[in-house]
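For the sequence shown, numbering that gives the first Met the number 0 begins at 0 and goes up steadily by one.
Take a look at the structure below.
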Amino acid sequence: MELPTYKGYTVDVRLREFRKVSYDAEGNPSMETITFESEEGDEMLFQLIRTLDRDSPLFQKIAESF
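Here it is as structure tokens:
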């Protein structure tokens, strides 16, 4: 199953984080991780939840994780 994305970040509810992989000029990857518990992650999660229908699987999964 493919994980959902939001604003270019992969949303991993199980690990409670947003993740984004980017590549430098040489093609080397780096991963940015923002936990749901961080100030930035909390705001992103709030914004994401506001865009979801309450019946959506992602909304349900997020609700179950809290």
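Glycine included, every Cβ here is placed at the ideal spot set by N, Cα and C.
If you draw a straight line from the alpha carbon of residue i to that of residue j, how long is it in whole angstroms?
i, j, result
"Phe45", "Glu31", "19 Å"
"Ser64", "Asn27", "33 Å"
"Lys73", "Val10", "Any property of residue 73 remains undetermined from this structure, which presents the chain solely from 0 to 65."
"Leu51", "Ser29", "29 Å"
"Ile33", "Ser55", "23 Å"
"Tyr8", "Lys60", "17 Å"
"Glu39", "Pro3", "18 Å"
Helix, strand or coil, according to DSSP, for residue i in the structure here?
i, result
"Phe65", "coil"
"Arg49", "helix"
Please report the Cβ distance between residue i and residue j, rounded to the nearest whole angstrom; I am assuming they are in contact, meaning their Cβ atoms lie under 8 Å.
i, j, result
"Arg15", "Phe35", "4 Å"
Item to check | Entirely enclosed beta strand (DSSP E) segments - the stretch 2-47, minimum 3 residues | outcome: Segments of the beta strand (DSSP E) lying fully in the stretch 2-47: 8-11, 16-22 and 28-34.
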